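Per this note's numbering, the sequence shown runs over residues 132 to 259.
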Amino acid sequence: LFITSESTKTSVLDMLVKEGHAVKAEESFDSQQSHEALMTLYKNMEEGAHVPMSGNNFWKRRKSEEEELINSLFDHFSKRPELPRMKIRLKGPSSSYKASFHSLSQKNRYKTVSLEKTSINSVAMNEN
């Protein structure tokens, strides 16, 4: 998001960082991969090489490859007798496009948030 004046074009993110409301941080790995996949999809659409639903198949294929890798690692390490055999249920974000911010006390109400200007996921707005 940019603010354009007569002589300059300024990023809102740069203004937030300059005023101390945000801190520049490295974009997460999942977000970088999502960004690259979307940029490739947009580029293919511009060049006319996009096949509808190919992005959906890409994600399904990638998810199955990740599941195969996790299963093979689990099988490999579960054969070692010195490691404990237990399952732990993990719960993570359902999407790399979603983020939740929660404050448990009024003390953390004005805590700074990290944003990266090159990320497609770089805007967090307070709805209040």
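Glycine included, every Cβ here is placed at the ideal spot set by N, Cα and C.
Quick caveat: nothing in here was measured; it's all calculated off a predicted structure.
- Judged by DSSP in its simplified three-state form, Ser138 adopts coil rather than helix or strand.
- In terms of Cβ geometry, Phe189 and Ala168 form a close pair [threshold 8 Å].
- Going by C-alpha positions, Gln163 is about 25 Å away from Gly151.
- Assigned with DSSP and collapsed to three states, Lys155 falls in strand.
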